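Asks: Sharing a structure here in structure tokens format.
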Amino acid sequence: MAASGQSQAEDGVVCISASDMVAAHLLPPVLARLREQAPGVVIEVVTSDALSDLRRREADIAVRHVRPDQPDLIGRWIREASASFYASTAWVQRHGHPRTADEAAQHTFVGFDRSGRFLEYLRQHGLPIGSDNFSCYAENTMTNWSLVRHGLGIGPMMDDIARTMPDVMRVLDDVPPVRFPIWLVTHR
Numbered sequence: 022m023a024a025s026g027q028s029q030a031e032d033g034v035v036c037i038s039a040s041d042m043v044a045a046h047l048l049p050p051v052l053a054r055l056r057e058q059a060p061g062v063v064i065e066v067v068t069s070d071a072l073s074d075l076r077r078r079e080a081d082i083a084v085r086h087v088r089p090d091q092p093d094l095i096g097r098w099i100r101e102a103s104a105s106f107y108a109s110t111a112w113v114q115r116h117g118h119p120r121t122a123d124e125a126a127q128h129t130f131v132g133f134d135r136s137g138r139f140l141e142y143l144r145q146h147g148l149p150i151g152s153d154n155f156s157c158y159a160e161n162t163m164t165n166w167s168l169v170r171h172g173l174g175i176g177p178m179m180d181d182i183a184r185t186m187p188d189v190m191r192v193l194d195d196v197p198p199v200r201f202p203i204w205l206v207t208h209r
């Protein structure tokens, strides 16, 4: 609104919706810079994976991994990100460092669901594993990542986030990273 001449003040509340891992690990430094540049802006962070929070006006801005297809939302592509497979350094010391998709079959994973959706995704990504490869499950991404960090198995994570944590290391190095977009989405 300031850019269009409708308002000169940079103040008020802006609600930003992002997934729990993005909200906890990627947004804080961005929001700290924003706070320095616009100290009158108050940020409310809502952790959610649903685009519907924007459509119901529960958030002003959303950080998402998909381009919006609803006509009342617009998206701006920010960049491409990647995710790879990680395990705790303690887990690697105990179980070795699996590097190939075939080696994955001999190791445990932390799953996201027992319905088989995540297992099918891993199989489509070239990992020949079955339900017996999972030591535990957690649908919440923060909980899932905590289980990986505590040595319960291998799990995927955004490379930008995993690189900030010295207690984990990339495994399955020969398996290509998953690439995905990061979109900034808002109301038209």
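The opening position of the sequence shown corresponds to residue 22 in my numbering, with each subsequent residue numbered one higher.
All C-beta atoms, glycine included, are put in the ideal place defined by N, C-alpha and C.
Quantities reported herein were computed from a predicted structural model and do not represent experimental measurements.
Helix, strand or coil for ARG135, going by three-state DSSP, please let me know.
Replies: ARG135 falls in the coil class under three-state DSSP.
Asks: Have a look at GLU160, GLU141, MET179 and CYS157 and flag the residue whose alpha-carbon is nearest the alpha-carbon of GLY151.
Replies: GLU141
Asks: GLY132 CB to nearest chain C CB: under 8 Å?
Replies: The structure shown has no chain C; it contains just one protein chain.
Asks: Tell me which residue opens and which closes the beta strand (DSSP E) that SER38 is part of.
Replies: 32-39
Asks: Check HIS128 in the structure and name its three-state DSSP category.
Replies: coil
Asks: Taking the continuous alpha helix (DSSP H) assigned at LEU52, which residues delimit it?
Replies: 48-58
Asks: Can you give the Cα-Cα distance for HIS118 and LEU193, rounded to whole angstroms?
Replies: 8 Å
Asks: Taking the alpha carbon of ILE203 as the reference point, which residue from VAL62, ILE64 and GLY96 has its own alpha carbon closest?
Replies: Nearest C-alpha to ILE203: GLY96.
Asks: Who does GLY96 pair with in a DSSP beta bridge?
Replies: VAL206
Asks: Taking contact to mean 3 or more Cβ pairs, one atom from each stretch, closer than 8 Å, check whether the stretch 122-139 and the stretch 82-93 are in contact.
Replies: no
Asks: Could you compute how far the alpha carbon of SER156 sits from the alpha carbon of VAL131?
Replies: So the two alpha carbons sit approximately 6 Å from each other.
Asks: So for ALA183, helix, strand or coil by DSSP?
Replies: helix
Asks: Does the beta-carbon of SER103 have 16 or more other beta-carbons within 10 angstroms, so that it is buried, or is it exposed?
Replies: exposed
Asks: For MET22 and GLU31, what's the separation of their Cα atoms in angstroms?
Replies: No answer about MET22 holds up, because its pLDDT of 41 lies below 50 and its placement is not dependable.
Asks: Among ALA125, GLU65 and GLY33, whose alpha-carbon lies nearest the alpha-carbon of GLU79?
Replies: GLU65
Asks: Check whether the Cβ atoms of SER105 and ASP188 sit closer than 8 Å, and answer yes or no.
Replies: no
Asks: Measure the CB-CB distance between SER154 and THR129 and report whether it falls below 8 Å.
Replies: Note that residue 154 corresponds to Asn in the displayed sequence, not to Ser. Yes.
Asks: Under a three-way DSSP split, which group does GLU101 fall into?
Replies: In the structure shown, GLU101 sits in a strand (DSSP, three-state: E or B).
Asks: Determine the extent of the beta strand (DSSP E) in which SER156 is found, giving its start and end residues.
Replies: 155-158
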